[in-house]
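Quick notes on the structure that follows.
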Amino acid sequence: MNNKLHWQTQGEGLDLILIHGWGMNAAVWQQVIPLLTDRFRVHTLDLPGYGHSHALSAHTIEEMAHLLLKHSPDKAIWLGWSLGGLVATKAALMAPEKVSGLVTVASSPRFAATKGWRGINPEVLDAFATQLDTDFNATIERFMALQAMGSPTARQDTRWLKDAVLSRPSPDKAALEEGLTALAEVDLREQLSSLTQPMLRIYGRLDGLVPVRVADSVDLLAPESEKVVFAAASHAPFISEPEAFAESLRAFGGQFLPSN
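Heads up: the sequence shown is residues 215 to 474, going by the working numbering.
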């Protein structure tokens, strides 16, 4: 059994690390990688418990960030989608000398809704946790459908996402349970003000998991950060609008290029 973190690298240029979300794996980036490799050296990985890293375990967001930092190049731009955004943000807080820039995609410093904060209804997260025990595969497929719900290309996006994710081993049930716990409990809102790196936040206007109004709230927590909202995207803008997504990353990466 392979107990190493599955890590792949393509392209030349600025180091860019792509971190997938809950229930997924690094195959979700296949469509957008070719649009990035002329500017970036793109690193993709399967988080512990997912895909080809199925045999590994990391029980918390902090443990995941620590493991990824051990494998990562110095001075990289870290991009995290959804749950991966928590991992990338935690890494940026833990090791600012290794994380030169931070990008979060359809992510939030606190995913669960609470008084005065928009997010996922905790009952929805509880339902996913219960369903994992009764119908593992159906729960994953339902979550895949939620990724694209609301997008004009939702059916196509869901089919593509499903094919990509199922091309690798199924996630470990314990990793899924721990990921749901992180989505329900992790709160990095107060820590955002401690970030020292340039930060780009990408949202989908039609996102049903991370409401776009969360972007306005995070504006106040990270006033120096940049924000991009894709009008026709849901929770996976890199699938529904790959060219525009890549262009946003290229523009953000420009500030890290050596000046002439």
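By construction, the Cβ of each residue, glycine as well, lies at the ideal position given by its N, Cα and C atoms.
Check your understanding: Which residue from 460, 366, 240 and 376 puts its Cα closest to that of residue 416?
Key -> 460
Review point. When burial is assigned at 16 or more other CB atoms within 10 Å of the CB, is residue 429 buried or exposed?
Key: buried
Exercise for review: Let me know if residue 289 comes out buried or exposed under the rule of 16 or more other beta-carbons within 10 Å of its beta-carbon.
Suggested key: Of the other Cβ atoms in all chains shown, fewer than 16 fall within 10 Å of the Cβ of residue 289; this residue is therefore exposed.
Practice item. Could you check the C-alpha separation between residue 258 and residue 243 for me, to the nearest Å? Key: Computed Cα separation, rounded: 8 Å.
Exercise for review: Give every residue of the same chain whose Cβ lies closer than 7 Å to the Cβ of residue 346, excluding the five residues on either side of it in the sequence, and list them in chain order.
Suggested key: Cβ contact annotation for residue 346 (same chain, cutoff 7 Å, sequence separation greater than five): 353, 387, 390 and 391, in chain order.
Review point. Per DSSP, what kind of secondary structure is residue 271 in: helix, strand or coil?
Key: coil
Check your understanding: Taking one C-beta from the segment 229-236 and one from the segment 289-299 each time, how about it: are there three or more such pairs within less than 8 Å?
Key -> yes
Review point. With a Cβ-Cβ cutoff of 8 Å, do residue 343 and residue 394 count as a contact?
Key: The Cβ atoms of residue 343 and residue 394 lie closer than 8 Å to each other.
Practice item. Verify the CB distance criterion: does residue 443 have a CB-CB separation below 8 Å to chain C? Key: Among the chains of the structure shown, chain C does not appear; only one protein chain is present.
Exercise for review: Can you give me the start and stop residues for the beta strand (DSSP E) that residue 223 sits inside?
Suggested key: 221-224
Practice item. Could you tell me the distance, in whole angstroms, from the CA atom of residue 279 to the CA atom of residue 439? Key: 21 Å
Check your understanding: Quick one: what's residue 440 bridged to in DSSP?
Key -> 414
Review point. With distances taken between CB atoms, is the gap from residue 339 to residue 422 smaller than 8 Å?
Key: no
**Study point:** Straight-line Cα distance separating residue 449 from residue 458
**Key:** 15 Å
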